[in-house]
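Worksheet: the structure to be examined is printed underneath.
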Amino acid sequence: MQEETSGTIKKFMFVNRRAPYGTVYALEALEVALISAAFDQDISMVFLDDGVYELVKGQQTKAIDVKNFSPAYRALEGYDIEKLYVDADSLAARGLTEDNLLVPAQVLSAAQMAELMDQQDVVIGF
Amino acid sequence: MLHIVNKSPYEKNALESCLRFGRDGSAVLLIEDGVYAVTRGNIAEPKIKAALGQMKIYALRPDLEARGMQDAVFEGVQLVDYGGFVDLVTGHTAVQSWL
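Sequence lines, in order, name chains A and B.
The first sequence begins at 190 in the working numbering and counts up by one.
The second sequence begins at 1438 in the working numbering and counts up by one.
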């Protein structure tokens, strides 16, 4: 028997606004995004404010004894999560550039980001 | 006094308050998300640099490495490992954590 919702694809956006490791938000967002993708939804991952720190290259967590989940951002493509967006102002405010990111992502202005947010069916913040 | 700050300078004003109330000769140790405050181009850089004349600023290297920021630390900041963290705690009469 088919579920009622079968075939309905909604646009989901996950808004990442926290640095990794200090709190659990970044990891939780990643897990929820992967679960959503398993339901064949249209997923966008957005990184702004301290969320841009999640994508910084060269994370080595051995000494703090916490799992380094940053390689998972590179694996998102394999789960059909290909829409990654980064806020240009948040990068600049932290002395970072696109070269510091561990995965290709589209860098957007606040206006472009706002337009993208406006197109979503569901927006979930972390 | 050893001051410890573990919050991102973009998320909380913990570091700002710490620097406001920290006296000459005291030490500030940045840990966890607090380590972003000692990276080049971050919002707290001018305040930390201004404080460097009066206070010693330390950052926990394992937390910088976890965040991929170990090569972005600006000059004047001393990096410590866990052993150095313990030495700082035992080397000061009191510790104040700015949560």
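Beta carbons: idealized from backbone N, C-alpha and C, even for Gly.
Item checked: Closest residue to T212 (chain A) among B:L1466, B:V1523, B:L1525, B:D1500 (Cα-Cα distance) -> Per the C-alpha coordinates, the member of B:L1466, B:V1523, B:L1525, B:D1500 positioned closest to T212 (chain A) is B:D1500.
Note to self: Given this structure, state the Cα-to-Cα distance separating Y1495 (chain B) from A277 (chain A), to the nearest angstrom.
What the structure shows: The straight-line gap from Cα to Cα measures roughly 30 Å.
Notebook entry, point to check: Just the Cα atoms here: how many angstroms apart are I224 (chain A) and D238 (chain A)?
Noted result: Distance between the alpha carbons of I224 (chain A) and D238 (chain A): 24 Å.
Notebook entry, point to check: Which residues, in chain order, does the region 1498 to 1513 of chain B contribute to contact with chain A at a C-beta distance below 8 Å?
Noted result: Those residues of the region 1498 to 1513 of chain B that come within reach of chain A (Cβ to Cβ, closer than 8 Å) are R1498, P1499, D1500, E1502, A1503, R1504, G1505, M1506, Q1507, D1508, A1509.
Notebook entry, point to check: If we cut at 8 Å on Cβ distances, does G1478 (chain B) have a partner in chain A?
Noted result: Yes - at least one Cβ of chain A is within 8 Å of the one on G1478 (chain B).
Check: Rounded to whole angstroms, how far is the Cβ of S1454 (chain B) from the Cβ of Y1473 (chain B), which I believe are closer than 8 Å?
Finding: Wrong, their Cβ atoms sit about 17 Å apart, outside the cutoff.
Note to self: Within the continuous beta strand (DSSP E) that includes M202 (chain A), where are the two ends?
What the structure shows: Element bounds for M202 (chain A): 200 to 205.
Notebook entry, point to check: Are the C-beta of P293 (chain A) and some C-beta of chain B separated by less than 8 Å?
Noted result: Residue contact check for P293 (chain A) against chain B: no CB pair falls below 8 Å.
Check: Between G1505 (chain B) and K246 (chain A), is the Cβ-Cβ spacing less than 8 Å?
Finding: Taking the C-beta atoms as reference points, K246 (chain A) is found nearer than 8 Å to G1505 (chain B).
Note to self: Going by DSSP in three states, T1476 (chain B) sits in which element: helix, strand or coil?
What the structure shows: In this structure, T1476 (chain B) counts as strand in the three-state DSSP scheme.
Notebook entry, point to check: Are L1439 (chain B) and L1525 (chain B) closer than 8 Å when you measure CB to CB?
Noted result: Taking 8 Å as the Cβ cut-off, L1439 (chain B) and L1525 (chain B) qualify as a contacting pair.
Check: Counting pairs of Cβ atoms below 8 Å between the region 1474 to 1482 of chain B and the region 259 to 278 of chain A, do you hit three or more?
Finding: The region 1474 to 1482 of chain B, when compared against the region 259 to 278 of chain A, does not touch it at the 8 Å Cβ threshold.
Item checked: Proximity below 8 Å, CB of A294 (chain A) to CB of L244 (chain A) -> Contact annotation: A294 (chain A) and L244 (chain A) have beta-carbon atoms nearer than 8 Å.
Item checked: Minimum length 3: unbroken beta strand (DSSP E) runs contained in the region 1485 to 1515 of chain B -> At a cut-off of 3 residues, the continuous stretches assigned as beta strand (DSSP E) that sit fully inside the region 1485 to 1515 of chain B are 1493 to 1497.
Check: Would you say L273 (chain A) and V292 (chain A) are within 8 Å of each other, going by their C-beta atoms?
Finding: Yes, these two residues count as a Cβ contact at 8 Å.
Next item on the list: Provide the residue(s) that pair with D278 (chain A) in DSSP beta bridges, ordered along the chain.
Entry: The partner list for D278 (chain A) (beta bridge, DSSP) is empty, contrary to what the question assumes.
Notebook entry, point to check: What's the C-alpha gap between I1480 (chain B) and Y1447 (chain B)?
Noted result: In this structure, the CA atom of I1480 (chain B) is about 7 Å from the CA atom of Y1447 (chain B).
Checklist line | Burial state of Q132 (chain A), where buried means 16 or more other Cβ atoms lie within 10 Å | finding: No statement about residue 132 (chain A) is possible, as the shown extent of chain A runs from 190 to 315 and does not include it.
Notebook entry, point to check: So, is the C-beta of K246 (chain A) closer than 8 Å to a C-beta in chain B?
Noted result: Interface residue, yes.
Checklist line | Supposed close pair V275 (chain A), V241 (chain A) - CB separation, criterion 8 Å | finding: Between V275 (chain A) and V241 (chain A) the beta-carbon gap is near 6 Å, inside 8 Å, which marks them as a contact.
Check: Is the distance from the Cβ of N205 (chain A) to the Cβ of A226 (chain A) below 8 Å?
Finding: Going by C-beta atoms, N205 (chain A) is not nearer than 8 Å to A226 (chain A).
Check: Can you list, in chain order, the stretches of the beta strand (DSSP E) that have 3 or more residues and sit fully within the region 282 to 312 of chain A?
Finding: With a minimum length of 3 residues, the continuous beta strand (DSSP E) runs that stay inside the region 282 to 312 of chain A are 295 to 297.
Checklist line | Cα-Cα separation, V1532 (chain B) to I1441 (chain B) | finding: The straight-line gap from Cα to Cα measures roughly 7 Å.
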